[in-house]
Amino acid sequence: MTPTGDLTSPFSVPEDLSSAPAVRRPAAGRPVVRLIDADESSRAAARHAPRLLGPEEWTRAVALRRGPDREVYVTAHVALRILLGPLLKRHPGDLPMGREACHGCGAPHGRPVVRGSRLHFSLSHSGRLILVAFAAEPVGVDIEQIASSQAVEQARDALHPAERQELDTLPEARRPRVFTDIWTRKEAYLKMLGSGLLRDTRLDRVGTGRPGSTGVTGAELTSVPVPSGYAAALCVAVPV
16 MTPTGDLTSP FSVPEDLSSA PAVRRPAAGR PVVRLIDADE SSRAAARHAP
66 RLLGPEEWTR AVALRRGPDR EVYVTAHVAL RILLGPLLKR HPGDLPMGRE
116 ACHGCGAPHG RPVVRGSRLH FSLSHSGRLI LVAFAAEPVG VDIEQIASSQ
166 AVEQARDALH PAERQELDTL PEARRPRVFT DIWTRKEAYL KMLGSGLLRD
216 TRLDRVGTGR PGSTGVTGAE LTSVPVPSGY AAALCVAVPV
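Residue 236 in my numbering sits at position 221 of the sequence shown, with consecutive numbering throughout.
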């Protein structure tokens, strides 16, 4: 069963936090996804950031060398907090953000969490676009700009053998789009697992979304509608 829900509505960081539109709390099998354009939200996000972001978020932001990268990171994390606040009935600046323990090594770099909350969420950004997903179950979301032909050739060995085979049967002009579709599904799936790219990306056949192209269990993968030049995917855990 493909997840149903709010896939996907635009969101802009408001000038006044009290005017932020409410987001419904996700129900089982009905995730909520929001799309943020950094070009529209970065100024408001920069004004809110000193009062909302925590020390770890600031440390990560400062470590980014390119100004546009810092701008998108700050916008993404301010938007995430503004969306989370009403869902958890807390001020966005008073959310104890953290990470679950990694299933492999036990270090705190698993799925993102708000400590003390059972709400699941995931965040991704690429170029100037940001996606945030909320779900009642473990969830992963990924957005990517469409890969270049050169990038496809360089990264194709990171795919599952069946995914490589499917990609190689396509006309060269179609490969960048299909590769990016596969890759967003793969990253969304690995985020849902909590392993991220620490897990070998060749192990799991997430496919293109074509019937019969997916070999994973315990997860539902779906494409997320995003503007031209991008691809995005959502993955929600389901009982096996």
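Every residue gets a Cβ at the ideal spot worked out from N, C-alpha and C, and that includes glycine.
Taking the C-alpha atoms as reference points, what is the distance between residue i and residue j?
i	j	result
T199	S141	11 Å
L185	D157	23 Å
V255	T232	7 Å
G100	L213	30 Å
L182	S34	46 Å
S164	L144	22 Å
Y245	E30	27 Å
R85	A61	10 Å
M16	V167	At M16, the pLDDT of 47 sits below 50, so the modelled position is not reliable; the number obtained from the coordinates is stated separately. Approximately 30 Å, taken between the alpha carbons.
T23	A91	16 Å
E202	L32	31 Å
R40	P226	30 Å
R45	P36	19 Å
L98	R105	11 Å
V93	V38	15 Å
R114	F149	16 Å
V147	P25	10 Å
P191	D52	23 Å
P123	T229	29 Å
I197	V221	7 Å
S139	D54	16 Å
T237	E71	31 Å
L95	S210	21 Å
R180	G224	Residue identity check: residue 180 is Gln in the sequence provided, not Arg. Each residue's alpha carbon lies about 15 Å from the other.
L50	V253	24 Å
V193	A43	30 Å
Please classify residue i as buried or exposed, where buried requires at least 16 neighbouring CB atoms within 10 angstroms.
i	result
A247	buried
T74	exposed
G121	exposed
P240	exposed
H118	exposed
R189	exposed
S137	buried
S243	exposed
A59	buried
A162	buried
Thinking residue i and residue j are a contact (beta carbons under 8 Å), I'd like their distance in whole angstroms, please.
i	j	result
L249	V48	6 Å
E159	T195	5 Å
S57	S27	Incorrect: roughly 10 Å between the Cβ atoms, too far for contact.
Y204	G155	6 Å
A234	M207	6 Å
Regarding residue i and the ligand SAM, is the C-beta to nearest heavy atom distance less than 7 Å?
i	result
A148	This structure lacks the ligand SAM, and indeed carries no ligand of any kind.
Ordered list of alpha helix (DSSP H) runs contained in the region 100-174, each at least 4 residues = 164-170
Is the region 122-133 in contact with the region 56-68, if contact means three or more CB pairs nearer than 8 Å?
-> no
Per the contact definition of three or more C-beta pairs closer than 8 Å, is the region 76-88 in contact with the region 102-110?
-> no
Are the region 215-231 and the region 163-175 touching by the rule of at least three beta carbon pairs closer than 8 Å?
-> yes
Unbroken alpha helix (DSSP H) runs of length 4 or more, entirely within the region 181-220: which are they?
-> 190-208
Continuous alpha helix (DSSP H) assignments of at least 4 residues falling wholly in the region 49-98 | 53-67 and 70-78
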